[in-house]
Ligand SMILES: [Zn+2]
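Protein chains in written order, with my numbering: chain A, 953 to 1263; chain B, 119 to 275.
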């Protein structure tokens, strides 16, 4: 593995599987049941050039649970980036201060650009409409945790498949593990054709439909996403598709027992709260899994081996 | 170049002859090479001559200047099949071809409007990865977007 994580293409399937094993091992550490200060003395730079409280907190928690410390870029509105400092200059400074950095930036390509400027490992925490690989890692971990493997699963992705980079990255990753993908969306939010053709070229088995409820019995994973108002030119267009997919506990009566419902959160109204009480709901664990996935990733990028569970 | 084609342009004493430039792109090639009309030595262009290899082509002769391999490689974007002769005392002293490496560095900037490299103050090299060399397919090293050739010509550096 490269010493940065910019896109999922930086990792082989074997490296992904191995990292997910490390994440599993770190669960009790993330829960605070075991103290394992593997990264004591290490400093993480949280460089969030656009706000994303959840992702920033997840990186911060991961570092602190492993005994390391964190410095934050600070409020984007008052920091030097907005006052005109280049990303290059900012990252060269951070390169001297810290041991590893997580970066989120409104411009696409920012993470690779920072990685080229820095000697320390860079973790892409989202660059414009580009990549968000740690989200993909935590999604894969959640799926693997529920099913014990990734290969050959049937995963239904629902909602905004056109603009959602989360579902794009996840689809690419699942295609590498020979999953069957069901894309469910209104026509105007369908998965972009170039991504579909890339996935088919990679050997993915793809079904496209507008029917969520008929797909429930086949699915091993139902991955819901929210449909955002700001994607639409006007209120009328939005209202046509808003709330088109709303999953309730009753809709899941025909589902496989071990099927899980995921969502990158925050949700609007696409998963009703009665699903929370079913055995299928996995979105809160999924959010928490971001911590273990990022713990495992930071150990990997900093070259720190994780001791086995019986320490 | 056949003898007949050669006669279309005056022979030069010293300099560089660039042959097999795609028809109509000679002026763009000069611009990419940073050669302008205000230099003291002559530049000759022949445009739209019939070519034995591919339809029609342009030929450029630049007197009193020997283009380096690095300069020639800048032509990968618009004239990847150009062949180049360095002329000394009216005869061909060296032949060179355009070579395409793994990346085009500082030849053109990414055309995607939200790419990090759009900020002109960002100092690192502009890098376009060569995904395929024939036909030429390029992606920005940073944002990963595929580049449209006609848009890229407007972004030459
Ligand atoms: Zn770019």
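Ideal Cβ placement from N, Cα and C applies to all residues, glycine included.
Q: Return the bridge partner residues of residue 221 (chain B) from the DSSP annotation.
A: B:247
Q. Who are the near neighbours of residue 1203 (chain A) in its chain, counting only those whose CB is closer than 7 angstroms to its CB and skipping five residues on each side?
A. 1165, 1168
Q. For the stretch 1060–1102 of chain A, which segments carrying the beta strand (DSSP E) assignment without a break, of at least 3 residues, lie completely within its bounds, in sequence order?
A. 1074–1079
**Q.** Contacts of residue 260 (chain B) in chain A (Cβ-Cβ under 7 angstroms)
**A.** By Cβ distance, chain A contributes 1061, 1064, 1065.
Q.
Suppose you measure from the CA of residue 1095 (chain A) to the CA of residue 171 (chain B); what does that come to, to the nearest Å?
A. 57 angstroms
(Q) Between residue 241 (chain B) and chain A, is any beta-carbon pair separated by less than 8 angstroms? (A) Interface residue, yes.
Q. The alpha helix (DSSP H) with residue 1041 (chain A) in it runs from where to where?
A. 1039–1049
Q. What separation, rounded to the nearest whole angstrom, lies between the Cα atoms of residue 1127 (chain A) and residue 1191 (chain A)?
A. 33 angstroms
Q. Which residue comes first and which comes last in the beta strand (DSSP E) that contains residue 137 (chain B)?
A. Residues 133–140.
Q. Any Cβ of chain B within less than 8 angstroms of the Cβ of residue 1220 (chain A)?
A. no
**Q.** Enclosing alpha helix (DSSP H) for residue 1149 (chain A) [first to last residue]
**A.** In this chain, the alpha helix (DSSP H) harbouring residue 1149 (chain A) covers 1145–1153.
Q: Taking only heavy atoms of ligand 1 into account, decide whether any of them is closer than 7 angstroms to the Cβ of residue 235 (chain B).
A: At least one heavy atom of ligand 1 is nearer than 7 angstroms to the Cβ of residue 235 (chain B), so yes.
**Q.** Span separating the alpha-carbon of residue 1041 (chain A) from that of residue 1232 (chain A)
**A.** 47 angstroms
Q.
Between the alpha carbons of residue 1089 (chain A) and residue 1107 (chain A), how many angstroms are there, rounded?
A. 16 angstroms
Q: Return the chain-ordered list of same chain residues with a C-beta closer than 7 angstroms to the C-beta of residue 193 (chain B), the five sequence neighbours on each side being excluded.
A: 147, 150, 200, 216
Q) For residue 1247 (chain A), which of helix, strand or coil comes out of DSSP? A) helix
Q | Within 8 angstroms, strictly: CB atoms of residue 1176 (chain A) and residue 1145 (chain A) | A | no
Q. CB residue 143 (chain B) to CB residue 218 (chain B), shorter than 8 angstroms?
A. no
**Q.** Distance between residue 236 (chain B) and residue 1011 (chain A) (C-alpha atoms, nearest Å)
**A.** Their backbone Cα atoms lie some 28 angstroms apart in a straight line.
**Q.** Per DSSP, cross-strand counterpart(s) of residue 206 (chain B)
**A.** In the DSSP output, where bridge partners are listed per residue, residue 206 (chain B) has B:209.
Q.
In whole angstroms, give me the CA-to-CA distance for residue 1047 (chain A) and residue 1074 (chain A).
A. 10 angstroms
Q. Using the C-alpha atoms, what's the distance from residue 246 (chain B) back to residue 221 (chain B)?
A. 5 angstroms
Q) Mind pulling the chain B residues with CB within less than 9 angstroms of residue 1068 (chain A)? A) Within 9 angstroms Cβ-Cβ: 242, 243, 245, 259, 260.
Q: Would you list, in chain order, the members of the stretch 1033–1052 of chain A that have their beta-carbon closer than 7 angstroms to a beta-carbon of chain B?
A: For the stretch 1033–1052 of chain A, the set of residues with a beta-carbon nearer than 7 angstroms to any beta-carbon of chain B comprises 1038, 1039, 1040, in chain order.
Q.
Between the alpha carbons of residue 1207 (chain A) and residue 1200 (chain A), how many angstroms are there, rounded?
A. 12 angstroms
Q) Which of helix, strand or coil does DSSP assign to residue 1000 (chain A)? A) strand
Q. By a C-beta neighbour count over all protein chains shown, 10 Å radius and 16 as the cutoff for buried, is residue 1005 (chain A) buried or exposed?
A. exposed
Q. Should residue 964 (chain A) go down as buried or exposed, given a rule of 16 or more other Cβ atoms within 10 Å for buried?
A. exposed
(Q) Applying the 10 Å Cβ sphere with the 16-neighbour rule, what's the burial state of residue 956 (chain A)? (A) Around the Cβ of residue 956 (chain A), a 10 Å sphere holds 16 or more other Cβ atoms; the residue is buried.
Q | Amino acids of chain A, ordered along the chain, whose beta-carbon sits closer than 9 angstroms to that of residue 235 (chain B) | A | Listed along chain A, the residues sitting closer than 9 angstroms to residue 235 (chain B) by beta-carbon distance are 1059, 1061, 1065.
Q: Give a single yes or no on whether residue 260 (chain B) has its beta carbon closer than 7 angstroms to a heavy atom of ligand 1.
A: yes
Q) Would you call the stretch 129–142 of chain B and the stretch 160–180 of chain B in contact, with 3 or more CB pairs under 8 angstroms? A) yes
Q. Can you give the beta carbon distance from residue 949 (chain A) to residue 1193 (chain A), rounded, assuming they're within the 8 angstroms contact cut?
A. Since the displayed chain A opens at 953 and closes at 1263, residue 949 (chain A) lies outside it and no answer follows.
Q. Going by beta carbon distance, what residues of the same chain come within less than 6 angstroms of residue 1220 (chain A), once the five residues before and after it are set aside?
A. 1178
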